[in-house]
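UniProt numbering puts the first residue of the sequence shown at 1, with every later residue one more than the last.
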Amino acid sequence: MAADTRSETAATERFEDVDWDDVGGLGFPRRTLALGVSSLAYLVAVVYDVFLTEDALVSGTNWLFLLTLLAGVFFVAWPLAENRRLTAYYWRRFKKNRAAVISAIYLLVVFVLGTFGPMLIAKPELNVLAAYQPPVFLSVDSSVPTSCVGQAADGLCHGTWKYPLGTTSDGKGIARLVVFGMRVSMQVGLITMLIVISIGTVVGTSAAYFSGLVDELLMRYVDIQQTFPTFFLFLIVTYLFKPSLFLLITIFGFLGWGGIARLVRSEALQRREESYIQAAENAGASDGWIIRRHLMPNVSNTVITAATLLIPSFILFEATFAFLGLTDPSTPSWGQVISSGRGDLDSAWWIATIPGVFLFFTVLAFNFVGDALRDALDPRSEGDA
């Protein structure tokens, strides 16, 4: 009876009488509105900082990092919060991998410390009088440090809480260097990943959907791009211009998406023949709408897994270039600290070892998380779980 009453009410209800708040609102969804407002505010801030101030208040890398965080909020965190049932399902599958859960917690700590730590602590400064201080709870021969900042007893220099992880050969605190290195690693990994995933997904889905000449042209360009040695281009650009983190990110971001484009294309080719794609075409939907609303969401699982596994590669690239001295020496990096301590392994092993441990576990954690995400998001692994 109640159902019949609701049916009669709905049949006689006029357009102007509808309570649009009850049916999900009228106009743009909240996420779209929030994204539009945030994007406009971001563009205004960038234009003001770059063009209307004499000296930029924020570096280009930090602006890109902020853009990456916004993308993560609107295209990852917000959809997960809206689809709680699906999120709970994926979480149940993900947490079966204990190593991945521990790795995710570790990466969350690294991300928070790397993002907000440099805002709260000062950048490490040169202090030759505090060189070669050992980590707290450890001690070295008093002849190793320039002067012992901690307690000196029985010919040994003990570590101090002023430098909990010790200091480098120029007296910089390793704890602070590690925190600033976390920011560099997160920036390189996340920003480069966003650029690679964005371009690779657009190219891959477009090639699969349009096929024919478009597919041929795009894939041949990918072939040419992948044969070009990005490493040597980076060396040339570094030689011509001042080395910077921004150059590293942009070069590897805009020239490293070929593999993702091929991966997305192979997945999108399978989705291209699905009935819902044909139904959308028959209904008169535009090509852009079909790619954006059907193809891209249905290859997102593959993209997310690939993105997670790409991040450690970019972190290792940056650490390698920093170790070789090919990055900005004024930007603290794990690879840079490892390089500065490689000649003191016999007397001051902590200089190279401690940032090396953080680098190792960060790369390992991303790989664990990537494997677990692949198992959680891939329905074909259901039988193996």
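Positions of the beta carbon are idealized from the N, C-alpha and C atoms, including for glycine. From a predicted model like this one, the values you see are computed outputs, not experimental measurements.
Coil, strand or helix - residue i by DSSP
i: THR53; result: coil
i: VAL237; result: helix
i: SER340; result: helix
i: LEU126; result: coil
i: THR331; result: coil
i: THR167; result: strand
i: ALA280; result: helix
i: GLY25; result: Low per-residue confidence applies at GLY25: pLDDT is 49, beneath 50, and the placement is therefore not dependable enough to give any value.
i: ALA152; result: strand
i: PHE228; result: coil
i: GLN133; result: coil
i: SER147; result: coil
i: SER275; result: helix
i: ASP346; result: coil
i: VAL58; result: coil
i: PHE297; result: Contrary to the premise, residue 297 reads as Pro rather than Phe in this sequence. Correct three-state label for PRO297: helix.
First and last residue of the uninterrupted alpha helix (DSSP H) at residue i
i: VAL188; result: 174-210
i: THR320; result: 300-323
i: THR362; result: 350-377
i: GLY117; result: 98-120
i: ILE291; result: No alpha helix (DSSP H) holds ILE291; DSSP gives it neither H nor E.
i: GLU267; result: 258-272
i: PHE94; result: 84-94
i: PHE74; result: Run containing PHE74: none; DSSP gives neither H nor E here.
i: LEU326; result: Counting along the chain, LEU326 falls outside any alpha helix (DSSP H), and DSSP gives it neither H nor E.
Bridge partners - residue i, DSSP secondary structure assignment
i: residue 395; result: It is not possible to answer for residue 395, since the shown part of the chain is limited to 1 through 385.
Assumed close pair residue i, residue j - CB separation to whole angstroms, cut-off 8 Å
i: VAL369; j: ALA81; result: The pair is not a contact, with the Cβ atoms about 20 Å apart (cut-off 8 Å).
i: MET193; j: LEU310; result: 5 Å
i: ALA352; j: GLY335; result: Going by Cβ atoms, the distance from ALA352 to GLY335 rounds to 10 Å, so no, they are not a contact pair.
i: GLY189; j: ILE315; result: 5 Å
i: PRO312; j: VAL264; result: With a Cβ gap of about 20 Å, PRO312 and VAL264 do not count as contacting.
i: LEU165; j: TRP350; result: 7 Å
Any non-hydrogen atom of the ligand FAD closer than 7 Å to residue i Cβ
i: ASP346; result: This structure lacks the ligand FAD, and indeed carries no ligand of any kind.
Item to check | Any 3 or more C-beta pairs closer than 8 Å across the segment 162-178 and the segment 255-264 | outcome: Verdict: no, contact absent.
Next on the checklist: Assess contact between the segment 236-256 and the segment 187-204, defined as three or more Cβ pairs (one per stretch) separated by less than 8 Å. Is contact present?
Outcome noted: In short, these stretches touch, since the Cβ pair count reaches three.
Next on the checklist: Is it the case that the segment 262-278 contacts the segment 203-221, given that we only count it when at least three CB pairs across the two stretches are under 8 Å?
Outcome noted: Yes: the two stretches touch, three or more of their Cβ pairs being nearer than 8 Å.
Checklist entry - Counting Cβ pairs closer than 8 Å, one from the segment 125-133 and one from the segment 147-159, do we hit at least three? => result The segment 125-133 vs the segment 147-159: in contact.
Next on the checklist: Count Cβ pairs between the segment 242-250 and the segment 60-78 that sit closer than 8 Å; are there 3 or more?
Outcome noted: Output reads yes: the segment 60-78 touches the segment 242-250.
Next on the checklist: With three or more C-beta pairs closer than 8 Å as the rule, is the segment 176-184 touching the segment 120-131?
Outcome noted: Result yes; three or more Cβ-Cβ pairs closer than 8 Å.
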